[in-house]
Amino acid sequence: MKPTFSLGRIAGISIGVHWSVLAMMVLVTEIVAVGILPARAPGLGAVTYWLTGVVASVTFLASLLGHELAHAVVARRFRMRADRITLWLLGGFTELGSHPPTPRAAFLVAAAGPGASLAIAAGFGLLAFGAGFTPLPAVVAAVLAWLALVNGVLGVFNLLPGAPLDGGRLLQALLWKRTGDQSGAAVTAAKAGRVVGVVLIVLGVVEVVSQRLVGGIWLALIGWFLIVSASTEASSVSLRDRLAGVRLRDVMSPAPPSAPEWWTAETFLDRMARADRHRAFPVVDMDGRPIRVVTLADLVRLAPGMRAHTRLAELGRPVRQDSVADPADLLTELPASAWPSSSDRSLLFVADANRLVGMLTAKDVSRAIELANLGHLPSGSDSPGPPVEEPEREGPGSAPPVPGRSPDHGHNA
Ligand SMILES: [Zn+2]
């Protein structure tokens, strides 16, 4: 899931918000303003309840962020990449760009989130207790007590033993340590995640039947999300196994057509864009280094009269640092952000000593996956093809699934 807008960076980790988080905030505000406060701090006006509800929901979102930051910070201590935290309808997730190096690292990264939530719960609990001894209005203590409760529930809920919940990650780390089989542990944790998901859906239906509509739907939604992510995760682990040993040079399109930055748009159109079958082209500098991506759509947007006067250096978009990789890099170790999607501009450039030698598109990745499913690794790979397993679901749409990529930590309000 891509964040709808960015809130900036904390400790170098980009913090984003998906629009669906608004639904969660409205729900939380409503629960606090209507369900909690009038009973705990009676006699106040509706405006006070609703405003306090808004404050409570923003604070809750901040504590959710605290949970995710704890994962990210611990991941960084183990030199793992923590690229982005996104808050959304069902909580938050931290995108880890690399896999934990050891079972211990996996365990501590997973434990950090619930640990943070429980610590935050204890903090709010103490504040709520202290507020009782001050002349502060009862509504303050009521909100603090609610925040303590909800963070406590969040911490405990995330310890349920099924991936992608943190408890599932803990289980995965323990199995990995015991058996030494990282993939096997991930598959078992994902299976457990599906079981937890089914249980939550059943509980949700029971809630709905007993007239607790919102809570029931919420629980069922989380259950469904768990089942979907656990299934995606299991298939991406199996894909990762099958693509083990495949390096970029084995799957890239070698010697891609590239245009020098000093060409004008007109020259580019005449000499390259018209004749070639691609829609997006790398632009290279004098040393052959990929510096920009120009698409046919960029040419369309340029007024025809400007074609003779505009150089490629001014067209298109600069190449992002993380979309250039080395030919010897393993396909399965690419960070999620570098993975080519079906979008025109989404290309991974393969450069040897800074010089463009290849390009990886979504098509190249799909081809590698299909070959791997047939039991054949692309030529030149390090290891022989693993045995063919049953075909895996590759999800809807044309973008190939990313091995090892899944919401690393799904959390629930
Ligand atoms: Zn977590």
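The opening position of the sequence shown corresponds to residue 375 in our numbering, with each subsequent residue numbered one higher. Ideal Cβ placement from N, Cα and C applies to all residues, glycine included. Keep in mind that this is a model prediction, so the values were computed, not measured.
Q695 counts as exposed, since fewer than 16 other C-beta atoms from the protein chains shown sit within 10 angstroms of its C-beta.
Relative to the non-hydrogen atoms of ligand 1, the Cβ of D457 never comes closer than 6 Å to any of them. When DSSP states are grouped into helix, strand and coil, R383 belongs to the strand group. Our two residues, R568 and N532, have alpha carbons roughly 14 Å apart in a direct line. Nearest to F481 by C-alpha distance, out of I459, F503 and H445, is H445.
Taking one beta carbon from each stretch, the stretch 427-434 and the stretch 533-545 have fewer than 3 pairs nearer than 8 Å; the two do not touch.
In the three-state reduction of the DSSP assignment, S715 falls in the coil class, being assigned neither a helical nor a strand state. A distance of 7 Å or more separates the beta carbons of L518 and L492. In the three-state reduction of the DSSP assignment, F507 falls in the coil class.
In this structure, G489 has its beta carbon at no less than 6 Å from each heavy atom of ligand 1.
Here the stretch 634-654 makes no contact with the stretch 592-604; the two share fewer than three CB pairs at distances below 8 Å.
By the 16-neighbour rule on beta-carbons within 10 angstroms, F379 is exposed.
For N525, the distance from the CB to the nearest heavy atom of ligand 1 is not below 6 Å. Using a C-beta cut-off of 8 Å, the stretch 740-751 makes no contact with the stretch 633-641, since fewer than three inter-stretch Cβ pairs fall below that distance.
A heavy atom of ligand 1 is found nearer than 6 Å to the CB of N532. Judged by beta-carbon spacing, V667 lies beyond the 7 Å limit of R645, meaning their Cβ atoms are not closer than that value. In the pairwise beta carbon analysis, the stretch 455-463 is classified as touching the stretch 384-391: at least three pairs are separated by under 8 Å. Around A456, the same chain offers I387, H445, A446, V447, A449, R450, T468, E469, L470 and G471 as residues with beta carbons nearer than 8 Å, after the five sequence neighbours per side are excluded. Of the heavy atoms belonging to ligand 1, at least one sits nearer than 6 Å to the Cβ of D540. For the pair of segments examined, the stretch 567-584 was found not to touch the stretch 693-709: the number of CB pairs separated by less than 8 Å stays below three.
Excluding residues up to 5 positions away in sequence, R616 and L617 lie with their Cβ nearer than 6 Å to the Cβ of A746 in the same chain.
Bridge partners of F599 according to DSSP: none are assigned. E607 is a Cβ neighbour of A537, given a cutoff of 7 Å.
Measuring C-alpha to C-alpha distances from M398 to each of T476, T433 and A547 identifies T433 as the nearest. Boundaries of the alpha helix (DSSP H) harbouring E442: A420 to R451, taken from the DSSP string. DSSP places W462 inside the beta strand (DSSP E), whose first and last residues are A456 to W462.
Here L613 is not near A699, since their CB atoms are 7 Å or more apart. A Cβ-Cβ contact shorter than 7 Å links A515 with A505.
In this structure, the straight-line span from the alpha carbon of V513 to that of P474 is close to 44 Å. The C-alpha of Q546 is placed about 8 Å away from the C-alpha of Q556.
The beta carbon of L587 sits closer than 6 Å to no other beta carbon from its chain once the five residues preceding and following it are set aside. Between A629 and V657, the C-beta spacing is not below 7 Å.
The C-alpha of D659 lies about 16 Å from the C-alpha of S697.
In this structure, DSSP gives P630 a state outside helix and strand, which the three-state scheme calls coil. Each residue's CA atom was taken as its position, placing K551 and M733 some 38 Å apart. When the alpha-carbon of S610 is set against those of I743, S437, L401 and L381, the nearest one is in I743.
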